[in-house]
Every structure is written in structure tokens, then in C-alpha cells.
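Notes follow the structure.
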Amino acid sequence: AGQAYAGDVEPCMPRDEVGLKMYPMNERLRQWKAPSIQPDEGFDRMVARSGWEVDDDYLMVIGVRSGAKSLPNAGALAAYERFGQRLITSDA
724 AGQAYAGDVE PCMPRDEVGL KMYPMNERLR QWKAPSIQPD EGFDRMVARS
774 GWEVDDDYLM VIGVRSGAKS LPNAGALAAY ERFGQRLITS DA
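The sequence shown begins at 724 in my numbering and counts up by one.
Below you can see the structure in the form of C-alpha cells.
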């Protein structure tokens, strides 16, 4: 058990992950648990970052979460970091 890592892959900075990124809901779970939400109206998580350095901004918003969990925090800020300090945090 545990996470396997590819030892032959050279680490590199994920430059294409800067900006706003929306992670969509799982379609099967959406249809099962949240059919009233249209596919283009909901999301699982939304993340924004200005870069990958310690002092870059980072923001995460909790979405519908594919309907797998019934939590009251949809639309809540899950994390916000600025100047290397976590200013908002969530265990979500």
C-alpha cells in the first residue's frame, strides 16, 4: 500500500498550473447525488495561484464536491496563503 512514485521522472516546476483552475464535479456522482446541478454550473474545487514561490498567493474554494459528501461548506474558502503565511485554513 502507499503512493508509488516514478523514480525516472525528473522533477520540474508545473508552470502551466498558475492562474485559476477549476476541477469539475465527477459526472457519475453529480447525476446520482446532485442531478439538479447542471454540469457547467458546479465544480469540485477551484484553485488560484500566482506562482509556486513561497511568497506567491494561493486560494482554494470548495465547490459542490461531486455530491459524494453532504457538507454545508460549499462555496467556502478552504485556504488562502500570502507571503508564505496561511491566512485561511480548513481541514476540508
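Every residue gets a Cβ at the ideal spot worked out from N, C-alpha and C, and that includes glycine.
Whole-Å CB distance - residue i paired with residue j, under 8 Å assumed
| i | j | result |
| --- | --- | --- |
| ARG772 | TYR746 | Wrong, their Cβ atoms sit about 13 Å apart, outside the cutoff. |
Rounded straight-line distance, which links the Cα of residue j to that of residue i
| i | j | result |
| --- | --- | --- |
| ASP779 | CYS735 | 18 Å |
| GLY728 | ASP739 | Going by the sequence as given, residue 728 is Tyr instead of Gly. Their backbone Cα atoms lie some 21 Å apart in a straight line. |
| VAL784 | GLN761 | 19 Å |
| ALA802 | GLY765 | 19 Å |
Three-state class that DSSP yields for residue i in the structure shown
| i | result |
| --- | --- |
| GLU750 | helix |
| GLU804 | strand |
| ALA815 | Any reading at ALA815 needs caution, since the residue's pLDDT is 47, under 50, leaving its predicted position unreliable; the model's value is listed next. Coil, per DSSP. |
Cβ-based burial, residue i [other Cβ within 10 Å; buried from 16]
| i | result |
| --- | --- |
| ILE818 | Any property of residue 818 remains undetermined from this structure, which presents the chain solely from 724 to 815. |
| ARG751 | exposed |
| PHE806 | exposed |
| GLY786 | buried |
| ARG809 | exposed |
| GLY742 | exposed |
Interface flag, residue i vs chain B, CB-CB below 8 Å
| i | result |
| --- | --- |
| GLN726 | In summary, chain B is missing from the structure at hand, where a single protein chain is found. |
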